[in-house]
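*Asks:* Please read through the structure below; I'll follow up with questions.
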Amino acid sequence: MNGRGGLRCRASRLLHAGAWWLWALGLAAAASRSTNPLILGLIVAVTAVAVTLRAGDTPWVAAYGAAFRLAAFVLLIRVAFGILFGFPIPGTGVLTLPEIPVPEWAAGVRIGGEVTIEQIALAFYDGLRLATIIICLGAANALSSPTRLLKSVPGALYELGVAVVVAMSLAPQLILDAARVRDARRLRGRSTRGATGVVGLVGPVLDGSLRRSLDLAAAMDTRGYGRTAHVPAAVRRLTSGLVLAGVVGITIGIYGLFDGSSSPWIGLPMLGAGMLLGGGGLLLGGRRTARSRYRPDAWRAAESWVALGGWAAAASVWFVTTSDPAQVEASVTPLTWPALPWLPVIGLAVAALAAVVAPAPPPTMDIAPDDDEPTRSHRTGINSSATITKSVKDNGQVTEADRRTAGVGA
Amino acid sequence: MIVFDDVSVVYADASEPVLNHVSLAIPEGELCLVVGPSGSGKTTLLRLVNGLVPHFSGGTLHGRVTVDGRDTRTHPPRELADIVGFVGQDPSAGFVTDTVEDELAYAMESMGIAPDVMRRRVEETLDLLALAPLRRRALRTLSGGEQQRVAIGSAMTTHPRVLVLDEPTSALDPSAADEVLSGLQRLVHDLGMTVLLAEHRLERVVQYADRVVLVPGDGAPLIVGEPATVMRNAPVAPPVVELARVAGWSHTPLSIRDARRAAVDLRTALASSVPLLDADQDSAPPIGDSLLTLRDVRVGYGRREVLHGIDLSISTGEVVAVMGRNGAGKSTLLSTMVGLRVPFAGEVCVLDADPASLKPKDLVARIGLVPQQAADLLYAESVGEECRQTDEDSGLESGTTAAMLRSIAPWVVDSTHPGDLSEGSRLALALAVVLAPDPPVLLLDEPTRGLDYTAKRHLVDVIAAASARGRAVVIATHDVELAAEVATRTLVLADGEIVSDGPTRRIVTSSPMFAPQIAKTLAPLPFLTVGDVRRALASLPDAG
Amino acid sequence: MSARSTAIPVGRRSLVALVVVSLVGMAAFSWPLVMTPSAGIAHGADAPWIFAAVLPLLIAVIAAELADGGIDAKSVAMLGVLAAVGAALRPLGGGATGFQPMFVVIILGGYAFGAGFGFVLGAVTMLASALLTGGVGPWLPFQMFAGAWVGMAAGLLPHLVVRGRLWLLAAYGFVSSLAFGLLMNLSFWPWALGLSSEGASSPLAYVAGAPWQENLRTFATFHLATSMGWDVTRGIGTVVLVLVAGRAVLGALHRAGRRAAFDAPREFVPPLPRIGAGSAP
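Going down the list, the sequences are from chains G, F and P. Under numbering that gives the first Met the number 0, residue 409 is the last one in the first sequence; the count climbs by one each step, no gaps. Under numbering that gives the first Met the number 0, residue 543 is the last one in the second sequence; the count climbs by one each step, no gaps. Under numbering that gives the first Met the number 0, residue 280 is the last one in the third sequence; the count climbs by one each step, no gaps.
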């Protein structure tokens, strides 16, 4: 577009799926290093800004909301564990739980007892870190739908990418099938309530979907699925060699990490090298499929800026961790209000800026259907159990409750 | 272009060959129609062209099939993908991707075609099949006709020499079917493509065919030839051909135009029999009590209303055909009648009870519905098991359902799994299951989809028998021949409202789109079926 | 019924890769117990993240190995459909009770179609269901691995007569549910109770630097106190489902396998001898 690089390329387009994932992973890496709630809160805010501004209107946007729910659940569990199983950190007592006697072989462990606010705070900070990571991953899901990411999967994993795509597009369809079969049970004079009702759905739905899988496979075969390119023997040997070397490297690296007495070179560096080699083998292995890509997502300068922005945030937090760890850890003894270090703020601001100046997604034309047959699914991407049941209800499937209330008034 | 050289096919777990000694040569640029009863081997014949039989399905192939010089023995389906395009029976089951554009490009991607070539071809195909406004739509949100066009488009982007289609119009209403078929016609004439097409509803398509292959089934030899020759003596034939047989014409017409030209004398001869038809009407059994009533019913999904204010009453002995284009609300109407959908407003009354509030056992004793996918109703391990369970569920004497099934479809074997039955047999089993408790009201949703003429005749007999017993039958269909054959009354639904309601003869002849072939041929005389014509000819003073 | 079909054959090289990667995977799961106290990363908070990053690559390597000969379209489609069934069932399992009907699909699918298929089915089902229900978190690679093992082991179970089959699968279902819970808890343990480098936050937390016997004891208590209840519920739920719906599901899978004709021979032979009339011109 213009010579000043991708930052100025504002034409609305969809970014490469990997760019947003890298950005979100950078933020997640930043969150993994800190329990300072202010930093974590700022990270969540940055993801919220990005999702609000850049998420487009695909059904995957619901993943962000689902991530919040999951994060809240995880936080709750962590705090509950902290209350029940935590160390008695001396401080202000808040409540006292009955202490559960523990068998002798587990002596030294305390379940219940007096709970101090320091204890709760520690559990909260810890849980907040995990919750933030979950929210970052949810943002990645919302910003670039997984189906688009699966299109960019390396060639060696193509078949499995297809399987995952098929699974994700069929799952909502199956739920509608189940609703239709349940209606048909009523037409046979059988009860649709209770365990027998549910189990009776299994056979027909499974049969129907397996039959459909065969039609799908025939269609794939007919359209040339599985054509292999001729790969010279040397390349094949190289691929196997790389993969083998990668696995060996990873094994040695993990052994080195585990065994403290070995030289430091055997640990992380070997692991890293192993991962690189294995990744290279995977990429090279993609040569065996003779596929091309229709309108592949381009990786332009904008994608690089976005990815770098996320990792700038991670780098800033890591830097502070090594130089002054106290700033990124929330202190519990004494329980004081945490301070906000300035370097991570700058790093996160860069991440937010990268998200804001990225091109906006074009509006999607997912027009609502106009036919009334209940067998058509009206949504293409569904992200939580609530959304699934909601979409089925919207299709007008009558539940027993509806029938009963309607019957009363008839 | 396609050569079958003494081909026989035996499937892995079968002992008898499905096709026996088939030798056939189809030249380039022909539209070849494959006809025959269900289960006769039409699908096998089509899949041989593609290599799906035996590479995909297993089995033994005797002989040789060659497509554009490539032998299917050495070329599995993926090697033939660039010269053969295949469109299966259910287009939505064959979609591999999410959106229209990606689906069109999938075959080309598999072949490793360069991106710019792919782009150009996708644009061409979108234009050719008028899919351009739908390009970014999700496949699941398309209508049946649009999905069928996308399936055809995705088979065409590789520029194949041969296009093979297995029942492309079975799920479509008449106007969508005509669109698809005229599109195929254009492909043959403008692009010189060879098209091989299997179809049950011959009346729509036989006029376009250059050659007809009749597969009688049971390993009997194929009958191949010009359409008029083959149709003249075929066991399955469209109504105009049957008319030619009844009227004794020497030339067999295939299209309405030919038929009208040949029927000039017949029309004059029959002009005097018209009053007899009206007399027929009067001698119909008198309408009895009302069995099913709908009063100002409004039904919808979520916030969208699909049926606006339906008022309807159906009495004993009536056979009502509900017609209308796909999306007009026919299925919803039937679901509401049986209580699967609860209306926002208005009331539904089946034998003085609201079907939505009945217990399932009571519901089944009053009203039965055979849904669009008859397989939804069947979930036992075998046909015999299915019959036994129905007897139990409805408290019938053991063996009732099996007897009912034998009267409808005596050829069905008790030990078969319902999923392995052919379309016609599955429908017969579903009918037996629904009819066994002998409900006073019977609803059928699109029963003739995928049925061949023989099975359709059995269905007509069953419906007539039920009506003679005083049952009310409501059929939602867009098969106008069925409605002409068996319905006493016809309703037309459009946009969620009933736009016409009256005796079949009047409704069906008043609209050119909905008229059956005989009506179109003999217009303005109000004859609907070959049966009408036969009776009228027999009653003429010089009957012969 | 014909013999079990093998949808994804496991060659020699794939087997070796599977074994090696499984061992590495086990190490990744059990690092809190296996790591020596003096190891460099044992004190840091990094170990779980490192493993969470390594596991996806290992899974990818195995998957690429298994797919190396090219996976049949039928196997891919069957895989997709069964994973879809599992994914659709996942919201039905209440998170609190731990009941997961999705497991039944993985176990029965692996049993019906072999170890290679079971491995891939487990991984794909976990991935697809996590993406669909928004359960993506750092535990996902661990879940994929554990699910893959459950499927693979199901594929290695002996093939029995109909009645015995269900009991065998029910028993396996119970054992594998408990094992899955144990593995997931082991991998989640450091996250559940604190990773802060200030030291343990709980008497039940992983103590970096403590000898493995102590860690094992602490973990056992933690496991019994927390996850055991959910695991037992999951196990019982799986047993019930297998016994009740197992026959229908296995029947459907066998029929599908027969129809798909994974192993059916394809022969090309000369024309049949002619008996009587030939074909029409």
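Every residue gets a Cβ at the ideal spot worked out from N, C-alpha and C, and that includes glycine.
If you pair each beta-carbon of the segment 290-297 of chain F with each one of the segment 452-465 of chain F, do three or more pairs fall below 8 Å?
*Replies:* Result no; under three Cβ-Cβ pairs closer than 8 Å.
*Asks:* Could you give the uninterrupted runs of the alpha helix (DSSP H) lying entirely in the segment 170-244 of chain G, keeping only those of 4 residues or more?
*Replies:* Listed in chain order, the complete alpha helix (DSSP H) runs (minimum 4 residues) inside the segment 170-244 of chain G are 193-221.
*Asks:* Determine, for F/R72, whether the minimum Cβ-Cβ distance to residues of chain P falls below 9 Å.
*Replies:* Output row for F/R72: interface = yes.
*Asks:* Only counting the same chain, and skipping five residues up and downstream in sequence, which positions put a Cβ closer than 8 Å to that of F/A493?
*Replies:* Only G323, R324, A327 meet the Cβ criterion.
*Asks:* Can you find a CB in chain G that lies within less than 9 Å of the CB of F/L481?
*Replies:* Not an interface residue.
*Asks:* Would you mind telling me which residues of chain G sit closer than 7 Å to F/P76, beta carbon to beta carbon, in chain order?
*Replies:* Ordered by position in chain G, the residues that pass the 7 Å Cβ test against F/P76 are D220, T221.
*Asks:* Would you mind telling me which residues of chain F sit closer than 7 Å to G/S190, beta carbon to beta carbon, in chain order?
*Replies:* What G/S190 touches in chain F: P359.
*Asks:* Which same chain residues end up closer than 7 Å to G/L21 when comparing Cβ atoms and leaving out the 5 residues on each side of it in sequence?
*Replies:* Only A306, G309 meet the Cβ criterion.
*Asks:* How long is the line joining the alpha carbons of F/M107 and P/G117, rounded to whole angstroms?
*Replies:* Cα to Cα, F/M107 sits roughly 31 Å from P/G117.
*Asks:* Are any of the Cβ atoms in chain G nearer than 9 Å to that of F/L376?
*Replies:* Cβ-Cβ to chain G under 9 Å: yes for F/L376.
*Asks:* My understanding is that F/L290 touches F/I309, with C-beta atoms under 8 Å, so please give their C-beta distance in whole angstroms.
*Replies:* 16 Å between Cβ atoms; not a contact.
*Asks:* Within this structure, are the beta carbons of F/I359 and F/D444 separated by less than 9 Å?
*Replies:* It is Pro, not Ile, that sits at residue 359 of chain F in the sequence shown. Not closer than 9 Å, so no.
*Asks:* What residues from chain P crowd round G/E98, counting only those whose CB sits closer than 7 Å?
*Replies:* Within chain P, no residue comes near G/E98; the closest Cβ sits about 13 Å away, beyond 7 Å.
*Asks:* Can P/L165 and P/G245 be called in contact, C-beta distance under 9 Å?
*Replies:* A contact, by the Cβ cut-off of 9 Å.
*Asks:* Considering only residues of the segment 307-352 of chain F, which uninterrupted beta strand (DSSP E) runs meet the minimum length of 3 residues and lie entirely inside it, listed in chain order?
*Replies:* The segment 307-352 of chain F contains these whole beta strand (DSSP E) runs: 318-322, 344-349.
*Asks:* Starting from the beta carbon of P/I70, find every residue of chain C whose beta carbon is closer than 7 Å, and list them in chain order.
*Replies:* Given the protein chain composition of this structure (G, F and P), no chain C is represented.
*Asks:* Identify every run of the beta strand (DSSP E) within the segment 389-463 of chain F, keeping only runs that are complete inside it and at least 3 residues long; order them along the chain.
*Replies:* Fully enclosed beta strand (DSSP E) runs of 3 or longer: 440-444.
*Asks:* So is G/V234 buried or exposed if we call it buried at 16+ other beta carbons inside 10 Å?
*Replies:* The residue is exposed, with fewer than 16 neighbouring Cβ atoms inside 10 Å.
*Asks:* P/V268 versus chain F: which residues are under 9 Å apart at the beta carbon?
*Replies:* What P/V268 touches in chain F: T59, L60, H61, G62.
*Asks:* Is the CB of P/P47 under 9 Å away from at least one CB in chain F?
*Replies:* Chain F, which has no Cβ nearer than 9 Å to the Cβ of P/P47, makes this no.
*Asks:* Since F/L442 contacts F/L333 with CB under 8 Å, what's their CB separation in whole angstroms?
*Replies:* 5 Å between Cβ atoms; contact.
*Asks:* Mind checking whether G/L121 and G/L339 have CB atoms under 9 Å apart?
*Replies:* No, they are not a contact pair.
*Asks:* Is there a C-beta anywhere in chain G that falls below 9 Å from the one on F/L362?
*Replies:* Interface residue, yes.
*Asks:* Taking C-beta pairs closer than 7 Å, name the residues in chain P that G/I133 reaches, listed in chain order.
*Replies:* Those within 7 Å of G/I133 in chain P are G136.
*Asks:* What is the DSSP secondary structure of G/T379, reduced to helix, strand or coil?
*Replies:* With a pLDDT of only 32 at G/T379, under the threshold of 50, the placement of this residue in the model should not be trusted; the figure read from the coordinates follows. In this structure, G/T379 counts as coil in the three-state DSSP scheme.
*Asks:* Let me know the alpha helix (DSSP H) ranges lying completely inside the segment 123-199 of chain F, each 4 residues or longer, listed in chain order.
*Replies:* Listed in chain order, they are 143-155, 173-190.
*Asks:* Note the first and the last residue of the continuous alpha helix (DSSP H) segment covering F/S538.
*Replies:* 529-538 is the span of the alpha helix (DSSP H), which, as asked, contains F/S538.
*Asks:* Using a 10 Å radius around the Cβ and a threshold of 16 neighbouring Cβ atoms, would you call G/G112 buried or exposed?
*Replies:* Classification for G/G112: exposed.
*Asks:* In chain order, what residues of the same chain lie with their CB nearer than 7 Å to the CB of G/G160, ignoring the 5 residues before and after it?
*Replies:* Counting only Cβ-Cβ distances below 7 Å, and skipping sequence neighbours, we find L149, V152.
*Asks:* 9 Å is my cut-off, CB to CB: does F/D81 come that close to chain G?
*Replies:* Cβ-Cβ to chain G under 9 Å: yes for F/D81.
*Asks:* Could you give the distance in angstroms between the alpha-carbon of P/G172 and the alpha-carbon of P/A27?
*Replies:* When rounded, the distance between both Cα atoms is 24 Å.
*Asks:* Interface residues of chain G around P/W148 at Cβ under 7 Å?
*Replies:* Those within 7 Å of P/W148 in chain G number zero; the least Cβ separation is about 17 Å.
*Asks:* G/A16 CB to nearest chain P CB: under 9 Å?
*Replies:* Not closer than 9 Å to any Cβ of chain P, the Cβ of G/A16 fails to qualify, so no.
*Asks:* What did DSSP end up calling G/P97 once you bin it into helix, strand or coil?
*Replies:* Note: G/P97 maps to strand in three-state DSSP.
*Asks:* Once the 5 residues before and after P/L182 are set aside, which same chain residues still bring their CB inside 6 Å of it?
*Replies:* Result list for P/L182: F28, A145, in chain order.
*Asks:* Check whether chain F comes within 9 Å of G/P295, counting only Cβ atoms and requiring the distance to be less than that.
*Replies:* True, the Cβ-Cβ gap to chain F drops below 9 Å.
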